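Participant:
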Amino acid sequence: MARRRRIRHVTLVSLLLLLLTVAIAPTPSSAAGSDWWEPVARAEADVRTGVTGEPFTGTDARGEVRGFVDAHNHLFSNEAFGGRLICGKVFSAAGVADALADCPEHYPDGSLALFDYITHGGDGKHDPTGWPTFKDWPAYDSMTHQANYYAWVERAWRGGQRVLVNDLVTNGMICSVYPFKVRSCDEMTSIRLQARLTYDLQAFIDTQYGGPGKGWFRIVTDSVQARQVVEQGKLAVVLGVETSEPFGCKQILDIAQCGKADIDKGLDELYALGVRSMFLCHKFDNALCGVRFDEGGLGTAINVGQFLSTGTFWQTETCKGPQADNPIGTAASAAEGDLPAGVRVPAYDSGARCNVRGLTDLGEYAVRGMMQRKMMLEVDHMSVKATGQALDIFEAASYPGVLSSHSWMDLNWTERVYSLGGFVAQYMHGSEAFTAEAARTRALRTAYDVGYGFGTDFNGIGDHPAPRGADAADRVVYPFRSADGGSVVDRQTSGQRTFDLNTDGAAHVGMIPDWIEDIRRVGGQGVVDDLFRGAESYLGTWGSTEGHRAAADLAKGAAATASSTESNPFTSYRAGRAVDGDRATRWASDWSDDQWWQVDLGSTHRVARVTLDWERAYGRSYRVELSTDGVNWSTAWSTTTGDGGLDTARFTGAPARYLRVHGLQRGTAWGYSLNEVTVQSS
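Note that our numbering has the sequence shown beginning at 1, numbered continuously upward.
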């Protein structure tokens, strides 16, 4: 009897332990582990995706990978700007309640959500409670709350996204003037932290899926690796950088605070961190380039920051061509209170829409440094002058590594980007605006056979698509099929709140599949098809960038002659200086029109491209002429609208031993002057 009672007691203890184990273990569906896309270990209390079905894998009939590209997101900007401007975390080992909590200063009613009302007006008041109620955030128009919780990113992946560019971002000046902070304001310190946390997030997700390498979130450092990840049906995560003063390259009163050694060291460090794309300037003019302006009250606030950081406000001039920067925001902003006594934001001529600042000499050095490292340049946020100069450099070298990731590049440059082999994405506007812009550029995508991308800019201090209403005739109807047809997407539930795009808008990154369905219903399947080809096109640009090899320069070191040479007792401007490989030397003519410069290539070659690197004395009207014998000449290319800088003449290849640049009309009162002339076969 005593033994039987003891056995019964042990049995009860075992049952209790079993019940306790079941209570704290993953849910049965997750624990089963039969489906590779489902976690095998996740806390019961957490956000769920609301998506069922197996993620698509492999390639299509053309051998192309498929999937959407978010070309511009900021997963960890909650760690930027001092660590308190954006509230909430992407993940936490302590669980969702710890991750999705508001900043302490936002309690009890959001009155101290300062950045919201500095940039958008109002009083910033809101219910600060995150998990589990989420009464007031995340929201499509919230500037200061986490929108990239990892499970929301997971929903975007499950809904068809296959590439995510995580731009490591911060701004030292915004950090310094914002009163709440727990982090250093040093920009590179923040960049390093955000990079490390991205790798930590990968490890966190791997743990849920059974160990290293098994999760769906995969950081990639080359295009081959990225393509393999996408073929596996997982999310390829690319690291980028978007910061205002990279490598400490700020300028104060137009004096650079960095040098070439700082740029080389900074690029090497970023590359070692895994960064493969970056902006050279963002928000503030720096020692590398001028910026594209911000509009509205945000523009005023950023212009104030520009002054506090550099000692100068934005300066404008009349644009030289059809491209123009954004109108400068002049609406009143609370940020003006940070200006010194007696200092005011200037008024601007509405007809002068271009930043006077373009790409500086250090900026050109940085662009060429990125080319040497096979990195991709983000041209959004660069002034049109700086963008044009960067595109000139890329065109001279046929370098494809150019990205426009969220609609900030002047749209007149779109074909130049495509012709190089670059990639274009549009900001995550509402479905009507997005489809209208997609329609405007679709002919170009068809001509260049490329896909399309979007840049959500979540956690990037920007608004997102507003709700169109539950009564809209073409509203999203739940549940719906994913773009590939293999998954079912229902409304997303986070804690006690269920999100519906029709009534909540794009409140967080997990609403991407819903937004794409909205685009399909508003704009048609064609727009979605273009977006679904985005992964292939982005990886195509990246792969071409990695594989780029500079074409041989047929003219380097060749014998050159000229119609005249400017006389100078201290230096030589002889014709050979334009083909000596040194951009610090140059050929210069007399100060008159009808001058020519000529090079003998030594033997007959196919010539199809000539790049002229003009000094300040440039040709407005000139011809590129070819000859096989040095006597009989034919015009291969000509212009009457030369504007200096880098001019690349492309034409149908033709045999030539001799090449002549024939100047007909000068662009200045001086003569014609060329730093370098490059001649190539392709």
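No residue lacks a Cβ here, since even glycine has one placed at the ideal position from N, Cα and C. Bear in mind the structure is a predicted one, so any value in this text is a computation, not a measurement.
For a test of the three-state rule: what should DSSP assign to glycine 683, helix, strand or coil?
Facilitator: Summary: the structure shown does not reach residue 683, with the chain confined to residues 1 through 682, and so no result is reported for it.
Participant: Based on the DSSP output, what are the partners of tryptophan 587 in its beta bridges?
Facilitator: Residue pairing by DSSP puts tryptophan 587 in a beta bridge opposite Leu674.
Participant: DSSP state of tyrosine 622, grouped into three classes?
Facilitator: strand
Participant: Does the count of Cβ pairs from the region 507-514 and the region 478-492 closer than 8 Å reach three?
Facilitator: yes
Participant: For the beta strand (DSSP E) holding asparagine 166, just list the boundary residues, first then last.
Facilitator: 161-170 is the span of the beta strand (DSSP E), which, as asked, contains asparagine 166.
Participant: Applying the criterion that 16 or more other CB atoms from any shown protein chain within 10 Å of the CB defines a buried residue, is leucine 359 buried or exposed?
Facilitator: buried
Participant: For isoleucine 252, I'd like the list of residues in its chain whose CB is within less than 7 Å of its CB, leaving aside the five on either flank, ordered along the chain.
Facilitator: Thr310, Gly311
Participant: Roughly how many angstroms separate the alpha carbons of glutamate 245 and leucine 280, rounded to a whole number?
Facilitator: 8 Å
Participant: My assumption, with CB atoms under 8 Å, is that glutamine 257 sits in contact with glycine 248. Please give the rounded CB distance.
Facilitator: 6 Å
Participant: Please report the Cβ distance between serine 405 and alanine 71, rounded to the nearest whole angstrom; I am assuming they are in contact, meaning their Cβ atoms lie under 8 Å.
Facilitator: 4 Å
Participant: Ordered along the chain, which non-local residues of its own chain (more than five positions away) have a Cβ less than 8 Å from that of alanine 470?
Facilitator: Asp500, Asn502, Thr503
Participant: Nearest to cysteine 683 by alpha carbon, out of Phe570, Trp597, Ile86?
Facilitator: What the structure shows of the chain is the stretch from 1 to 682, and residue 683 is not part of that stretch, so it cannot be assessed.
Participant: Could you compute how far the alpha carbon of glycine 540 sits from the alpha carbon of lysine 181?
Facilitator: 41 Å
Participant: Nearest-angstrom Cα distance between tyrosine 209 and tyrosine 150?
Facilitator: 14 Å
Participant: If I'm right that leucine 308 touches aspartate 338 with Cβ under 8 Å, what's the distance once you round it to whole angstroms?
Facilitator: 6 Å
Participant: Taking the beta carbon of aspartate 518 as the centre, do at least 16 other beta carbons fall within 10 Å, making it buried, or is it exposed?
Facilitator: buried
Participant: What span of residues does the alpha helix (DSSP H) with arginine 606 cover, start to end?
Facilitator: It is not in any alpha helix (DSSP H) - arginine 606 instead sits in the beta strand (DSSP E) that spans 595-614.
Participant: For aspartate 268 and valine 153, I'd like the C-alpha separation in whole angstroms.
Facilitator: 30 Å
Participant: Is it the case that the Cβ atoms of valine 224 and glycine 67 are separated by a distance below 9 Å?
Facilitator: no
Participant: Could you check if threonine 387 is buried or exposed, using at least 16 other CB atoms within 10 Å of its CB as the buried criterion?
Facilitator: buried
Participant: Between tyrosine 452 and leucine 531, how many whole angstroms is the CB-CB distance? I'm expecting something under 8 Å.
Facilitator: Right, the Cβ-Cβ distance comes to about 5 Å (below 8 Å), so this counts as a contact.
Participant: Could you please give me the residues that DSSP links to phenylalanine 454 through a beta bridge?
Facilitator: Phenylalanine 454 is bridged to Asp70, Gln426.
Participant: Excluding the 5 residues flanking glycine 495 on each side, which residues of the same chain have their C-beta closer than 7 Å to its C-beta?
Facilitator: Trp131, Pro132, Thr133, Phe134
Participant: Measuring CA to CA, which of Asp136, Val607, Leu112 is closest to proline 179?
Facilitator: Leu112
Participant: Per DSSP, what kind of secondary structure is serine 333 in: helix, strand or coil?
Facilitator: coil
Participant: Measure the alpha-carbon distance for glycine 485 versus aspartate 463 and round it to whole angstroms.
Facilitator: 30 Å
Participant: Count the other CB atoms within 10 Å of the CB of proline 55; is the residue buried (16 or more) or exposed (fewer)?
Facilitator: Per the 10 Å Cβ criterion, buried.
Participant: Mapping DSSP to helix, strand and coil, what is asparagine 303?
Facilitator: helix
Participant: In whole angstroms, what separates the C-alpha of aspartate 594 from that of valine 610?
Facilitator: 20 Å
Participant: Once the 5 residues before and after asparagine 286 are set aside, which same chain residues still bring their CB inside 7 Å of it?
Facilitator: Ser244, Glu245, Cys249, Lys250, Gln251
Participant: Mind checking who arginine 497 pairs with in its DSSP beta bridge?
Facilitator: Ser494
Participant: Can you tell me whether DSSP reads asparagine 355 as helix, strand or coil?
Facilitator: Reduced to three states, the DSSP call for asparagine 355 is strand.
Participant: My understanding is that serine 347 touches threonine 316, with C-beta atoms under 8 Å, so please give their C-beta distance in whole angstroms.
Facilitator: Before going further, note that residue 347 is alanine rather than serine in the sequence given. Contact doesn't hold; Cβ gap of about 11 Å is too wide.
Participant: Kindly identify the DSSP beta-bridge partner or partners of valine 488.
Facilitator: Thr52, Arg481
Participant: Could you tell me which of Asn166, Gly50, Val40 sits nearest to valine 90, measuring between CA atoms?
Facilitator: Nearest to valine 90 by C-alpha distance, out of Asn166, Gly50, Val40, is Asn166.
Participant: Leaving out five residues before and five after proline 212 in sequence, what residues of the same chain have Cβ atoms less than 6 Å from its Cβ?
Facilitator: Asp206
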